[in-house]
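Residue numbers (the working numbering): 19 to 281.
In structure tokens, the structure reads:
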């Protein structure tokens, strides 16, 4: 069963170690950092900011989609650095240049290691927003469960409510049921954490989302009645913020600027 569980779990991760986008491609600054996890894995992280930033007190912790690596996903958050925020990107264990093996249960531990590095660095901030996409939403919510008072705003794009539900919707009956049953994961499902979140929440789904299907989308929305929900017309998974800047980018910036500090 462990072999089958590992196979099912691998469907959540599509990582590689190739080189993609660099901060200098966008006229931005990048500082590397290497936090160590409790399991002894070294993570590959980056602090991204504009040399002209005026809002460096606000920090965005970005949880990428587990598609390729943080360099591939850098274009998703360039607009935030250009708006003046510091953005922390990192690769999960086994992804990009990070060591170890990526697991769903390990996402929270990876994220906690990055948060620990942040809080011990000169970049520590009393205004911290989580921005997550796809599997990254799972990681962000696991970190929320571990440190519920450490985040003052949560942005989730293409979040699933439960891992088993995501598998069943993508793989269909019978095969999906068997695969969901085989998955051995002990971390709480995103939906069970989300319903306890008390900070402002922004839920974003592209209209043509091929990562999260309608059933899981509606399940997530039902868990948090006070969240702002965007269904973005004509867009596919990871297609909203990779495009040229427009209304959606501007509204996310407004959301972050409108969050209160904690502490």
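Built from N, CA and C at the ideal position, the CB exists for glycine as well.
- Task: Classify residue 52 as buried or exposed, calling it buried when 16 or more other Cβ atoms lie within 10 Å of its own Cβ.
- Result: exposed
- Query: So who's on the other strand from residue 104, going by DSSP bridges?
  - Reply: 77
- Item | For residue 54 and residue 61, the rounded distance between their alpha carbons | 6 angstroms
- Message: Which same chain residues end up closer than 6 angstroms to residue 156 when comparing Cβ atoms and leaving out the 5 residues on each side of it in sequence?
- Response: 125, 208
- Cβ neighbours of residue 100 in the same chain (closer than 7 angstroms, five flanking residues each side left out): 68
- If you draw a straight line from the C-alpha of residue 234 to the C-alpha of residue 143, how long is it? 33 angstroms
- Does the Cβ of residue 76 have 16 or more other Cβ atoms within 10 Å, making it buried, or fewer, making it exposed? buried
- Message: Do residue 225 and residue 264 have their beta-carbon atoms positioned less than 8 angstroms apart in this structure?
- Response: no
- Assign residue 109 to buried or exposed, taking buried as 16 or more other Cβ atoms, counted over all protein chains shown, within 10 Å of its Cβ. buried
- Under the rule that 16 or more other beta-carbon atoms within 10 Å means buried, what is residue 129, buried or exposed? buried
- Query: Buried or exposed: which applies to residue 162, given that a residue is buried once 16 or more other Cβ atoms fall within 10 Å of its Cβ?
  - Reply: buried
- Buried or exposed (CB count within 10 angstroms, at least 16 for buried), residue 204: exposed
- Can you tell me the Cα-Cα spacing of residue 280 and residue 186, whole angstroms? With a pLDDT of only 43 at residue 280, under the threshold of 50, the placement of this residue in the model should not be trusted; the figure read from the coordinates follows. If I take the Cα positions, the gap works out to 39 angstroms.
- Item | C-alpha gap between residue 26 and residue 120, whole angstroms | The alpha-carbon atoms of residue 26 and residue 120 are separated by roughly 13 angstroms.
- Message: Just list the residues that DSSP pairs residue 148 with in beta bridges.
- Response: 79, 172
- Below 6 angstroms CB to CB, which residues in the same chain sit around residue 98 once its five sequence neighbours on both sides are set aside? 78, 105
- What does a CB cutoff of less than 6 angstroms around residue 246 pick up in its chain, not counting 5 residues either side in sequence? 220
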